[in-house]
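Before any comments, here is the structure.
Residue numbers (my numbering), protein chains in the order written: chain W, 2 to 252; chain D, 118 to 437.
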């Protein structure tokens, strides 16, 4: 089977985000492979280690610096990679249309992608890619099992969780708890340098058009009182109850 | 026409639907047309919704009783196209976030995702939403009409009245693709306590609570006295003390209660992104340097075991 793992490169969660002239400035911020995509890479590797014959291909859409995230995936054990290189800011719907063309050409059976992207706070890419391919999807997946020409997925719903059985080919978006991602080993890091990284441009795929445009970005500010209550635990507790009732008026 | 897709449960409309109505009314004023509701899978909520908006489309049927991203996408696309919706509003619940991108892709239109504000400038719908783990607010413009927008719950006001209208039952043809995903056993998360996303008060416990027993001993009685929902952090879920359904944060639930109390919560960015819209934030932690104190209105540096019992007593007294 052919498994494709979608990758994104995002700022490290601890990185300080700055806004300059109404735009987020990532200069100097550490960029890493999105943690949620790591679950996808790990799951692909586990399916293969569990006995499923598979070719695992990493696919990324974005600027040149995405190569670092791709190299990480190759070092984890992915077989080869495809990078649609572009500096064009594209929303998830526009991205999905581009990625679907690559995935369809690869004739993949399974696509794994992070459940929520840590830069756009978006969970749209997985479902949109599935729709572009005409495939079913399972989002916020916490357990995955291949079952003949179907896949059984346990996923989070609004009420709790449910088991879905999806005929292949399918798109699976990941969730914390799906697996424990491994670290790259030194031999694999060395092997990664010789693995194929194929480049494509948007023109190769018929171009792309952004459907939404970011006009402005601002740091979210929310003034907080930052009142530290003094005294022994009993005094502080009583003062807190009083303030919540009389000052904040929330109880 | 501005189309809202009703969020409903057990025959009743959820609060998020009432919020969609207010968002839709504002758009209808600028884009023109009326607000119409779409109720899928259960005809009962249609009558309630018909008291608030001038037109309601009801699409019921056994195949739609169970939520499936693809079947809901088919129904919404069909009604939106046939009735020429200029905007389609869907609540950003897990289900809504799952199928709204499919609707946008299938119709070939822009998606405005998890929006906190909507307005119109000329022929463009402009939205505000969060990004970078809710640290940034961005203004996004859809480049064409119609648009699909998923609306963040607990953000727009919930309407309580309106000019009523008619319910029209529609039949939407479904294909084999719409039922190919089999929905199996479900497990319901928490019973007996107010749902996290709807609670006015949330008590959250982090690693500092120390153990699963700590939650039972300190958090549950505190939550009882405040009639609060209980939330937690990723560290606690990873340790196995509480279920994932209680997790607040980037990969958990986003809440906006009147009051949030974080007990033994350090304040990791991912957790803060899920609760920093709380009206009032209280932090109690042994560690004076915990990041959560920076985003707290009121803080106590101290041992939970020493602070929480007298806090419960003091709150009981206030409530009398």
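Ideal placement from N, C-alpha and C gives every residue a C-beta, glycine not left out. Being a predicted model, the structure only gives us computed values, none of them experimental.
Asked, Found
"Cβ pair count under 8 Å reaching 3, the stretch 139 to 149 of chain D against the stretch 231 to 248 of chain D", "yes"
"Closer than 7 Å at the beta carbon, the chain D residues around residue 124 of chain W", "214"
"Meets three-Cβ-pair contact criterion under 8 Å: the stretch 282 to 301 of chain D and the stretch 314 to 326 of chain D", "no"
"Own chain residues within Cβ distance below 7 Å of residue 27 of chain W, not counting five before or after", "12"
"9 Å Cβ cut-off: residues of chain D touching residue 215 of chain W", "248, 255, 256, 257 and 258"
"Neighbour list for residue 373 of chain D in chain W, Cβ cutoff strictly below 9 Å", "Simply none; closest approach about 12 Å."
"Given 8 Å, three or more beta-carbon pairs between the stretch 188 to 196 of chain D and the stretch 216 to 224 of chain D", "yes"
"Sequence ranges, beta strand (DSSP E) only - wholly within the stretch 292 to 358 of chain D, length at least 3", "299 to 305, 318 to 322 and 346 to 349"
"Spatial distance of residue 71 of chain W from residue 24 of chain W (CA atoms)", "26 Å"
"Residue 205 of chain W, enclosing beta strand (DSSP E) - first and last residue", "Here residue 205 of chain W belongs to no beta strand (DSSP E), and DSSP marks it neither H nor E."
"Buried versus exposed, by CB contacts within 10 Å (16 or more), residue 93 of chain W", "buried"
"Min CB distance residue 187 of chain D to chain W below 8 Å", "yes"
"Interface flag, residue 251 of chain D vs chain W, CB-CB below 8 Å", "yes"
"Backbone secondary structure at residue 415 of chain D - three-state DSSP", "strand"
"Rounded C-alpha distance that separates residue 222 of chain W from residue 236 of chain W", "31 Å"
"Amino acids of chain D, ordered along the chain, whose beta-carbon sits closer than 7 Å to that of residue 140 of chain W", "215"
"Under the three-state DSSP convention, the category residue 245 of chain D falls into", "strand"
"Residue 124 of chain D versus residue 207 of chain D: straight-line alpha-carbon distance, rounded", "8 Å"
"Proximity of residue 172 of chain D and residue 153 of chain D at Cβ, strictly below 8 Å", "yes"
"Minimum C-alpha distance to residue 126 of chain D - residue among D/155, D/161, D/143 and D/430", "D/161"
"Contact with chain D by residue 150 of chain W, beta-carbon distance below 8 Å", "no"
"First through last residue of the beta strand (DSSP E) which encompasses residue 38 of chain W", "Where residue 38 of chain W is concerned, there is no enclosing beta strand (DSSP E), although the alpha helix (DSSP H) it sits in stretches over 36 to 50."
"CB-CB length for residue 368 of chain D against residue 117 of chain W, believed under 8 Å", "6 Å"
"8 Å Cβ cutoff, residue 304 of chain D in contact with chain W", "yes"
"Supposed close pair residue 215 of chain W, residue 257 of chain D - CB separation, criterion 8 Å", "5 Å"
"Partners in chain D for residue 182 of chain W, counting only beta-carbon separations shorter than 9 Å", "None at all; the shortest Cβ gap to chain D is about 13 Å."
"For residue 238 of chain D, the nearest candidate out of D/232, D/261, D/247 and D/354 (CA to CA)", "D/261"
"Own chain partners of residue 68 of chain W with C-beta closer than 8 Å, once the 5 adjacent residues on each side are dropped", "84 and 198"
"Distance cut-off 7 Å: residue 292 of chain D Cβ against heavy atoms of the ligand FMN", "Ligands displayed in this structure: none; no statement on the ligand FMN is therefore possible."
"Against chain W: residues of the stretch 341 to 363 of chain D by CB proximity under 9 Å", "343, 351, 354, 355, 360, 361 and 362"
"Interface partners of residue 415 of chain D on chain W, CB under 7 Å", "226, 228, 230, 241 and 244"
"Contact list for residue 222 of chain D against chain W, beta-carbon separation under 7 Å", "94, 97, 129, 132 and 133"
"Simplified DSSP state of residue 363 of chain D, which is helix, strand or coil", "helix"
"Residues that residue 418 of chain D contacts on chain W, provided the C-beta gap is smaller than 8 Å", "229"
"Any C-beta of chain D under 8 Å from that of residue 166 of chain W", "yes"
"For residue 189 of chain W, the three-state DSSP class (helix, strand or coil)", "helix"
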